[in-house]
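Asks: Sharing a structure with you now.
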Amino acid sequence: MEHITDQVLDPEVLKRETENPTCGALVVFEGTVRNHHRGRQVQRMEYTAYKPLAERVLQELEEETKQRFGVVECRIVHRIGELAIGEASVVIVVRSAHRGDAFDAAEWAIDTLKQRVPIWKNDFYTDGTRAYQDGVPLSACGSGEHDSTASDSASSRGS
Amino acid sequence: MRIEFYGVLQEAAGREALELPIDAPSRVAHILEELGEQIPALQSHLPRIACAVGDEVIPRSEMVTGDAPLVLLPPVSGG
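Read top to bottom, the protein sequences are chains A and B.
Taking the UniProt record's numbering, the leading residue of the first sequence gets 1, the next gets one more, and so forth.
Taking the UniProt record's numbering, the leading residue of the second sequence gets 1, the next gets one more, and so forth.
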């Protein structure tokens with residue numbers, strides 16, 4: 001199953017894929033494109049990814065989420081390409097026996113996705129300009145010089 | 001050696017990829033130094049990028065052969 005797609009995201013598909021009678025909780029997180037960024041009006045957004053790594057990291061993130069929180073199901077799909085305001089850029093579906101674990105797992109999964117997955121937002125503003133959003137440096141480039149920057153950036157939440 | 005750019009690095013470099021004339025194997029850190037000299041607009045980005053070959057992020061101390069492209073990844077902003 002792909003984790004990166006240029007197709008419109010459908011949470012119902014992921015809900016059907018993860019149906020599980022042992023679960024009493026279902027949490028669905030959708031990140032959607034909003035019409036403003038740091039005080040500027042956004043008209044649309046373009047997402048790009050380095051797919052070979054993004055696919056692997058998202059697969060590992062699903063597994064790590066399940067192990068870390070003991071949840072039964074976790075599926076994550078991120079969209080790329082041009083998205084209009086209000087469209088979903090990412091969907092995370094978590095199912096667990098009880099609600100607490102599912103809420104915690106979904107929140108951790110989106111927070112961690114923002115730090116680990118090679119995907120980039122390019123904002124197209126209503127004034128005709130565009131700009132890539134600054135983000136979180138991927139940490140494993142060897143020297144460790146990114147660590148403090150990464151934790152700082154991770155505290156500012158996007159979608 | 002083929003170098004590929006993603007995100008804001010494509011804008012800074014003015015292209016999606018280039019062939020860097022460099023002996024292989026070479027250390028990633030050395031390749032980045034050469035790249036910064038060839039494309040000064042990349043200089044300010046280099047301290048915060050990650051490097052990958054295939055589906056692996058690699059450290060700057062690693063030697064790469066050039067059999068596969070060296071991929072440069074700027075800070076990420078998914079979600």
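Using N, Cα and C, we set each Cβ at its ideal position, and we do this for glycine too.
According to DSSP, G39(A) sits in a beta bridge with which residue or residues?
Replies: For G39(A), which the question treats as bridged, DSSP gives no partner whatsoever.
Asks: Kindly identify the DSSP beta-bridge partner or partners of H78(A).
Replies: Residue pairing by DSSP puts H78(A) in a beta bridge opposite I4(A) and V90(A).
Asks: Is any beta-carbon of chain B found at less than 8 Å from that of T112(A)?
Replies: By this cut-off, T112(A) is not an interface position.
Asks: Just the Cα atoms here: how many angstroms apart are E56(B) and E64(A)?
Replies: 18 Å
Asks: Counting only Cβ-Cβ distances shorter than 9 Å, please list the residues of the stretch 40–62 of chain B near chain A, keeping chain order.
Replies: P47, R48, I49, A50, C51, A52, G54, D55, E56, V57, I58, P59, R60, S61 and E62
Asks: Compare the C-beta of P75(B) with all C-beta atoms of chain A and state if any pair is closer than 8 Å.
Replies: yes
Asks: Can you tell which of F5(B), E37(B), L9(B) and L20(B) has the C-alpha that lies nearest to the C-alpha of A131(A)?
Replies: L9(B)
Asks: Count the other C-beta atoms from every protein chain shown that fall within 10 angstroms of the C-beta of E62(A), then say buried if there are 16 or more, exposed otherwise.
Replies: Counting C-beta atoms within 10 angstroms of its own C-beta, E62(A) has 16 or more neighbours from the protein chains shown and is therefore classed as buried.
Asks: Beta-carbon separation of G78(B) and K114(A) under 8 Å?
Replies: yes
Asks: Considering just the uninterrupted stretch of the alpha helix (DSSP H) at D101(A), what are its terminal residues?
Replies: R99 to R116
Asks: Please work out which residues of its chain come closer than 8 Å, Cβ to Cβ, to A49(A), disregarding the five sequence neighbours upstream and downstream, and give them in chain order.
Replies: I4, H78, I80, V117, P118, I119 and W120
Asks: Contact defined as beta carbons within less than 8 Å: I believe L53(A) pairs with I76(A). What is the distance between those atoms, to the nearest angstrom?
Replies: With 8 Å as the limit, L53(A) and I76(A) do not qualify as a contact, their Cβ atoms being about 15 Å apart.
Asks: For V64(B), return the contacting residues in chain A, with the cut-off set at a CB-CB distance below 7 Å.
Replies: Correct list: empty, because the minimum Cβ distance to chain A is about 12 Å.
Asks: Report the neighbours of T48(A) on chain C: residues whose CB is nearer than 7 Å to its CB, in chain order.
Replies: The structure shown has no chain C; the protein chains it does contain are A and B.
Asks: Does the beta carbon of G14(B) come closer than 8 Å to any beta carbon on chain A?
Replies: no
Asks: By alpha-carbon positions, which one of A24(B), E33(B), H30(B) and A41(B) ends up nearest to A13(B)?
Replies: A41(B)
Asks: For a contact meaning CB atoms closer than 8 Å, what does Y132(A) contact in chain B?
Replies: G7, V8, E11, P74 and S77
Asks: Note down the Cα distance separating V136(A) from L70(B), rounded to an integer number of angstroms.
Replies: 20 Å
Asks: Quick check: F103(A) and V27(A), are their CB atoms within less than 8 Å of each other?
Replies: yes
Asks: Give every residue of the same chain whose Cβ lies closer than 6 Å to the Cβ of E46(A), excluding the five residues on either side of it in the sequence, and list them in chain order.
Replies: E82 and N122
Asks: Consider the Cβ of Q36(A): report whether some Cβ of chain B lies at a distance smaller than 8 Å.
Replies: Gln is not the amino acid found at residue 36(A); the sequence shown has His there. Closer than 8 Å: no.
Asks: Check whether chain B comes within 8 Å of V33(A), counting only Cβ atoms and requiring the distance to be less than that.
Replies: Not closer than 8 Å to any Cβ of chain B, the Cβ of V33(A) fails to qualify, so no.
Asks: Please state the DSSP three-state secondary structure of R48(B).
Replies: The answer is helix: DSSP assigns R48(B) an H, G or I state.
Asks: With respect to the alpha helix (DSSP H) encompassing A29(B), which residues constitute its N-terminal and C-terminal limits?
Replies: A29(B) -> alpha helix (DSSP H) spans V28 to Q38.
Asks: Given this structure, state the Cα-to-Cα distance separating R44(A) from D23(B), to the nearest angstrom.
Replies: Looking at the two C-alpha atoms, the distance is approximately 43 Å.
Asks: Could you spell out the range, first to last residue, of the beta strand (DSSP E) harbouring E56(B)?
Replies: E56 to I58
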